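Have a look at the structure below before the remarks.
Protein chains: 2
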Amino acid sequence: MDNPDQYRPLTPEELGGRLSTVPAIAERIGSDPSQWQVREVGDGNLNLVFIVEGPKGAVIVKQALPYVRLVGDSWPLPLYRAFYENNALVRQAQRDPGAVPEVHHFDEAQALIVMEFLSPHRILRRKLIDGERVDGLGSFLGRFCARTAFRGSELSMKSADKKKDVGLFSGNVEIPAITEALVFTDPYYDAEMNHHTEGLDPVVDGLRGDAKLKARVQHLLMKFASNTETMVHGDLHSGSIMSTDRESKVIDPEFVQYGPMGFDLGMLVANFLMAYFSQPAHRSAAELAGYQDWILSVIDEVFATFEAEFRHLWATERTGMLYPAALFEDQGQSSEAACLALLAEIRAEAYGFCGIEMHRRTLSLAHNADFEDIRDTDLKRRLEARNLAMGAELVHTSEALGSPERLLDLARRFNAKDIP
Amino acid sequence: MDNPDQYRPLTPEELGGRLSTVPAIAERIGSDPSQWQVREVGDGNLNLVFIVEGPKGAVIVKQALPYVRLVGDSWPLPLYRAFYENNALVRQAQRDPGAVPEVHHFDEAQALIVMEFLSPHRILRRKLIDGERVDGLGSFLGRFCARTAFRGSELSMKSADKKKDVGLFSGNVEIPAITEALVFTDPYYDAEMNHHTEGLDPVVDGLRGDAKLKARVQHLLMKFASNTETMVHGDLHSGSIMSTDRESKVIDPEFVQYGPMGFDLGMLVANFLMAYFSQPAHRSAAELAGYQDWILSVIDEVFATFEAEFRHLWATERTGMLYPAALFEDQGQSSEAACLALLAEIRAEAYGFCGIEMHRRTLSLAHNADFEDIRDTDLKRRLEARNLAMGAELVHTSEALGSPERLLDLARRFNAKDIP
């Protein structure tokens, strides 16, 4: 290498030389790189991903690429996202210990993170398509969302620390811009990179013709782009979760930003709802109802755990400047009603973000495998139409909807609906 | 001076040497400092303020002090606020040309801003106490609030520029912390620096005993501290406005931060309402009703102009990523309803911030002369009680209140009320 600090995409051959001097890695996999085996396993879209195995164990090496290769041509994307991803992983590990892969080493010049190798974990989206269940999934995810939302906000953090962090993450401009365009705007007009299933036009035209819906979506975009309540994962879908039968981890927070407390929750639930609506294409008649019920039970558990954990943290860790005990408990007054009002607001926002995510995953650039893997185009269209219609209902009624039980009722209703 | 770049509070004698080499100043007042006259005119609380007069004209020199001298002892305050104030003045001048004093020179090392000398302008608060009227005041202030709110947001700005600016201003931590404590929290418990008029205890106890009110206030604090919709002045009261009989300027944006679009509007209106409620102590019976009506007409004009100007900018300058024409006009759909919904939300937030400002100015550390100049303690108490009661009503009903006409009705009702 001419200059070891100059970024370049690394080859499996170069990795040994680069990493063998890092004690944290040697400790985990052995110190002699000649005994390491290195495999590139990523899809090369945004990142190179290597598994490095040695006599004592294995680690994952993730290196950012300076472009996205989603659409034939490449789309430049700053390498600094690895810096933000590393910062996000460190904070998430503090706020919900064990929920994210452990970071062993970060190399800023090479935009490279060495982290815990998760095995035998699989990407949750694939498990949902394959009909696999994960014990404790809903409570793990609800807890993760509650802990990161609460502990990253001024309910918990010192304001000076939180504001400094907002300044740090405000440098991450290009990545949120992707979400702002692809999630909140492109689905609602004829944007260049959009695509959707044949036959969906009437439903799509209905959404794009609904000015009130689009105004509500843009209002949520304003909240997403101008709200620094807490540090959000920013891309918490079932492809950012890896699970075994009984353990889960949240990965890939490169879309980290400060944002609304309900954002991750809404994106997450949307992806479970899409898994739910897509099931008729993936399950036999005998398994379908049972597995769909299980997915809804996971959503229910996500909300129940989120709210229970948030209330627990409110009662035990409310050390920030917001809703201070000086105004409530120290004056002999309960702050429980204030907590419940805030939770109702977070839930309503989550429903809105959820509806939007359901739209963009079938209309905008990045679709998801739950629907994309369906070969029968007509079935795909019918299932996507249910998903789109429920998304619109959520955007329109997010404040009025109320308890998660009503969300599940809506899902059951749209799942039984044939949309022309 | 040993090191000219080392900060120290300057004396009138030193100013000539410091400023005579700056062409922008020489051009305005003359280039020979031996012909200049320098007077220190500030109250020395947070800043030194000098008037520098030469043969060709005069300029104002404002130098930040590293402390606040509000309460006997000093309270350290970072000098970097002059940097933010200068940045704010530059942006406000771009967004509403002529609304703020022109900046001639900024010296970061000395935390010193040289700017336009306003004459024969007087501080608006004093004019309101003295019963003077200012032509066009409401429309000037409504326009200033609308232009700075709209043009500093992602309705207008490129997202990358706006986010970079959020990063820049996020360094201003100590100043917003003053607002967070003194405005949103201290009034509602027995905070150390609080003071209030003798006899007000029953009203104050009522506010502090109202957990629902405090929860609503803290919810607005969360919005204030975690919302980066636009660059706000941050301290837009009648002491931050200078007027002649027909011209006004907005000064002193050292509390600048990114915040909610309705914040400046709410603080401003609160200060007009306090001027209104205090008038019985300052006017003769013959003048009272007429002058109070004039103050209410200014508030009415502030809202009417804010909304008209915001709608005008929405129609003509909506060049940011929010509510893009691609989703509305380009599809043959009006976005007017979306604009009106956003305006209704801004107004509701403004009412809430307004109620809080009315509380803090009679209960927390920094009171205002409208009430403080009243010698008759019992009259003062009765007028402040009206003000506090209306503030509580506004915090409780901000979303439901609706049009500004209903705000004015409320003011008239509380102005006629005797609160025990």
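Sequences listed follow chains A and B, in order. So for the first sequence, this note's numbering puts the first residue at 1; every next one is plus one. So for the second sequence, this note's numbering puts the first residue at 1001; every next one is plus one. Note that beta-carbon positions come from the ideal geometry of N, C-alpha and C, so glycine has one too. Every value quoted in this text rests on a predicted model; they were computed, and no experiment measured them.
Residues of chain B whose Cβ lies closer than 7 Å to the Cβ of Gly167 of chain A are, in chain order, Gly1167, Ser1170 and Gly1171. Between the region 201–216 of chain A and the region 1180–1196 of chain B, the count of Cβ pairs shorter than 8 Å is below three; the stretches do not touch.
Residues of the region 1344–1365 of chain B with a C-beta less than 9 Å from any C-beta of chain A: Glu1345, listed in chain order. Leu200 of chain A sits in coil when the DSSP states are folded into three classes, being neither helix nor strand. Counting only unbroken stretches of 4 or more residues, the alpha helix (DSSP H) elements lying wholly within the region 295–365 of chain A are 336–363, in sequence order.
Per DSSP, the continuous alpha helix (DSSP H) segment holding Glu384 of chain A begins and ends at Thr377 to Leu401. Taken in chain order, the complete alpha helix (DSSP H) segments of 4 residues or longer contained in the region 90–178 of chain A are 124–129, 137–151 and 159–169. Across the structure, Val1041 of chain B and Leu1079 of chain B are spaced so that their CA atoms are roughly 20 Å apart. Straight through space, the alpha carbons of Asp135 of chain A and Leu410 of chain A are spaced by roughly 25 Å. Remark: C-beta atoms of Gln1063 of chain B and Leu1128 of chain B do not approach each other more closely than 9 Å. Among the residues of chain B, none has a CB under 9 Å from the CB of Thr397 of chain A; the nearest is roughly 16 Å distant. The alpha-carbon of Phe1144 of chain B is positioned some 29 Å away from that of Glu1384 of chain B.
At a beta-carbon threshold of 8 Å, the residues of chain A lying near Glu1180 of chain B are Ser159 and Met321, ordered along the chain. Listed in chain order, the non-local C-beta contacts of Val1068 of chain B below 7 Å within the same chain comprise Asn1045, Leu1046, Ser1074, Trp1075 and Leu1077, local neighbours out to five positions each way being set aside. Across the structure, Leu1379 of chain B and Ala1281 of chain B are spaced so that their CA atoms are roughly 7 Å apart. Within the same chain, and ignoring the five residues on either side of Gln1037 of chain B in sequence, the residues whose Cβ sits closer than 7 Å to its Cβ are Glu1053. Linking Glu1116 of chain B to Ala1270 of chain B through their CA atoms gives a straight-line distance of about 28 Å. The secondary-structure analysis by DSSP pairs Ser1243 of chain B across a beta bridge with B:Arg1122 and B:Ser1248. Taking a 10 Å sphere around the C-beta of Gly1259 of chain B, we find 16 or more other C-beta atoms and assign the residue as buried. Following the DSSP letters along the chain, one finds Gln257 of chain A inside the beta strand (DSSP E) bounded by residues Gln257 to Gly259. Only residues of its own chain outside the window of five on either side were considered, and among them Ser1156 have a CB closer than 6 Å to the CB of Glu1317 of chain B, listed in chain order. The three-state secondary structure of Glu14 of chain A, taken from DSSP, is helix. Straight across, the Cα-Cα distance linking Met390 of chain A with Gly355 of chain A is about 7 Å. Nearest C-alpha to Glu14 of chain A among A:Arg133, A:Val61 and A:Ala146: A:Val61. Straight through space, the alpha carbons of Leu265 of chain A and Tyr1351 of chain B are spaced by roughly 31 Å.
Listed by position along chain B, the residues whose Cβ is nearer than 7 Å to that of Pro324 of chain A are Thr1185.
With respect to Ala1082 of chain B, Arg1147 of chain B sits apart: the two C-beta atoms are not nearer than 9 Å. Membership of Asn1415 of chain B in the alpha helix (DSSP H) is indicated by the continuous run Pro1404 to Asn1415. Inter-residue distance for Gly138 of chain A and Ser1139 of chain B is about 54 Å (C-alpha atoms, whole angstroms).
A direct Cα-to-Cα measurement between Pro120 of chain A and Ala160 of chain A gives close to 41 Å. A Cβ-Cβ contact shorter than 9 Å links Val22 of chain A with His104 of chain A. Chain A places no beta carbon closer than 9 Å to that of Met1231 of chain B, leaving this residue out of the contacts. Contact check for Arg1095 of chain B and Gly1142 of chain B: beta-carbon distance about 14 Å, past the 8 Å limit, so the pair fails to qualify. The region 1226–1234 of chain B makes contact with the region 1242–1258 of chain B; the number of CB pairs closer than 8 Å reaches 3 or more. Bounds of the beta strand (DSSP E) holding Gly57 of chain A are Gly57 to Ala64. Three or more beta-carbon pairs drawn from the region 1399–1413 of chain B and the region 1281–1301 of chain B are found closer than 8 Å, and the two stretches are therefore classed as touching.
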